[in-house]
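Student: Residue numbers (the numbering used here): 33 to 285.
#1: Going straight from the alpha carbon of residue 104 to that of residue 56, what length do you get?
#2: Mind checking which residues open and close the beta strand (DSSP E) that includes residue 92?
#3: Return helix, strand or coil for residue 35, following the three-state DSSP convention.
#4: Can you list, in chain order, the residues of its chain whose CB lies under 6 Å from that of residue 88, leaving out five sequence neighbours each side?
#5: When burial is assigned at 16 or more other CB atoms within 10 Å of the CB, is residue 213 buried or exposed?
#6: Just checking my contact of residue 254 with residue 142 at CB under 8 Å: how many whole Å lie between their CB atoms?
#7: Quick one, which of 282, 283, 273, 279 has its alpha-carbon nearest residue 53's?
#8: Does the Cβ of residue 109 have 16 or more other Cβ atoms within 10 Å, making it buried, or fewer, making it exposed?
#9: What is the residue span of the alpha helix (DSSP H) that residue 116 lies within?
#10: Please name the residue, chosen from 248, 225, 246, that lies closest to residue 237 on a Cα-to-Cα basis.
#11: In angstroms with no decimal places, state the Cα-to-Cα distance between residue 209 and residue 216.
#12: Would you decide whether residue 147 is buried or exposed? Buried here means 16 or more other CB atoms lie within 10 Å of its CB.
#13: Do residue 219 and residue 139 have their beta-carbon atoms positioned less than 8 Å apart in this structure?
#14: Going by DSSP, name the residue or residues bridged to residue 234.
#15: Note down the Cα distance separating residue 222 from residue 247, rounded to an integer number of angstroms.
#16: Helix, strand or coil for residue 50? Go by DSSP, reduced to three states.
#17: Going by C-alpha distance, which of 119, 59, 106 is nearest residue 202?
#18: In terms of residues, what are the limits of the beta strand (DSSP E) holding residue 226?
#19: Can you give the Cα-Cα distance for residue 204 and residue 235, rounded to whole angstroms?
#20: Helix, strand or coil for residue 60 per DSSP?
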């Protein structure tokens, strides 16, 4: 099983969910961080101006191939990909482009914007620029410097734009979303949506799903771990992981 995280995230997103799945006896593939520590797959899509497809083919696919090879998986062994949020879109690209050496048995997505997400595309870009502006203004003020608003805006746009490819692809009307929607690939896609998800709508999250399930969780809860912004404590939202476990026990599609 391969776990792929979403936008502005990391392999740590899956920490609790991965532990729960391993407890149930599943072999969840890990990836060497380069320091001798096995961790979940991680990537930095916002640093890739070319967007989600390029990230999937040039960043994620090579890591998966290397991880499978290191684990000694036989060539005829099928794999299952579980993707959270944008990770589900990356999973679909990997299958559509036949970017992996192993056959994918099925894809399970959690809170994935199969039909795009206005919130992720527009509001995150706005919030990112606003946060970057405030941070830069604060840093300059601390050393007694001031920068005209127009110049500051150009500077912030220059900082954000190289990271915008993946965000642009998340727009409901983007070429990426529309082209992905025309895929004729036969690999089953099973979808889980959170009814409290304020980032990806239920409609977008369950679109294309041959099997679907709604759970009473928010966007970040779907991977089995949620840490409060103002607290160091984390709670485990088992519902979505329980559904993954239930589905994996079903016969092959």
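We put the CB at the ideal spot given by N, CA and C, even for glycine.
Tutor: Reading from the atomic positions:
#1: Here the question's residue 104 lines up with position 72 in the chain shown. Here the question's residue 56 lines up with position 24 in the chain shown. Going from the Cα of residue 104 to the Cα of residue 56 covers about 21 Å.
#2: On the chain shown, residue 92 is found 60 positions in, with the first residue counted as 1. For residue 92, there is no enclosing beta strand (DSSP E), as DSSP gives it neither H nor E.
#3: Counting from one through the chain shown, the residue named residue 35 turns up at place 3. Residue state, collapsed to three classes: strand.
#4: Here residue 88 refers to the residue found at position 56 of the chain shown. Here the set comprises 122, 125, 126.
#5: Mapped onto the chain shown, residue 213 falls at position 181. Classification of residue 213: exposed, given that the 10 Å Cβ count is below 16.
#6: Indexing the chain shown from 1 puts residue 254 at position 222. Indexing the chain shown from 1 puts residue 142 at position 110. The Cβ separation is near 4 Å, so the contact holds.
#7: As a position in the chain shown, residue 53 is number 21, starting the count at 1. Out of 282, 283, 273, 279, the CA that lies nearest to the CA of residue 53 is found in 273.
#8: For the purposes of this step, residue 109 is taken as the residue at position 77 of the chain shown. Flag for residue 109 reads exposed.
#9: The residue given as residue 116 occupies position 84 in the chain shown. For residue 116, there is no enclosing alpha helix (DSSP H); the enclosing beta strand (DSSP E) covers residues 111–116.
#10: Residue 237 sits at position 205 when you count from the first residue of the chain shown. The option with the nearest alpha carbon to residue 237 is 225.
#11: In the chain shown, counting from the first residue as 1, residue 209 sits at position 177. In the chain shown, counting from the first residue as 1, residue 216 sits at position 184. Those two C-alpha atoms are separated by around 14 Å.
#12: As a position in the chain shown, residue 147 is number 115, starting the count at 1. Burial call: buried.
#13: Taking the chain shown and counting its residues from 1, one reaches residue 139 at position 107. Taking the chain shown and counting its residues from 1, one reaches residue 219 at position 187. The Cβ atoms of residue 139 and residue 219 lie closer than 8 Å to each other.
#14: Counted from its first residue, the chain shown places residue 234 at position 202. None, per the DSSP bridge assignment.
#15: Within the chain shown, residue 222 is the residue found at index 190, counting from 1. Within the chain shown, residue 247 is the residue found at index 215, counting from 1. Residue 247 has its alpha-carbon roughly 14 Å from the corresponding atom of residue 222.
#16: Translated into positions along the chain shown, residue 50 becomes position 18. Residue 50: helix per DSSP, three-state reduction.
#17: What you label residue 202 is simply residue 170 of the chain shown in a count that begins at 1. Sorting 119, 59, 106 by C-alpha distance to the C-alpha of residue 202 places 119 at the top.
#18: On the chain shown, residue 226 is found 194 positions in, with the first residue counted as 1. From DSSP, the beta strand (DSSP E) with residue 226 extends over 221–226.
#19: Your numbering for residue 204 matches position 172 in the chain shown. Your numbering for residue 235 matches position 203 in the chain shown. Taking the Cα positions, residue 204 is about 12 Å away from residue 235.
#20: The count along the chain shown starts at 1 and reaches residue 60 at position 28. Of the three classes helix, strand and coil, the one that applies to residue 60 here is coil, per DSSP.
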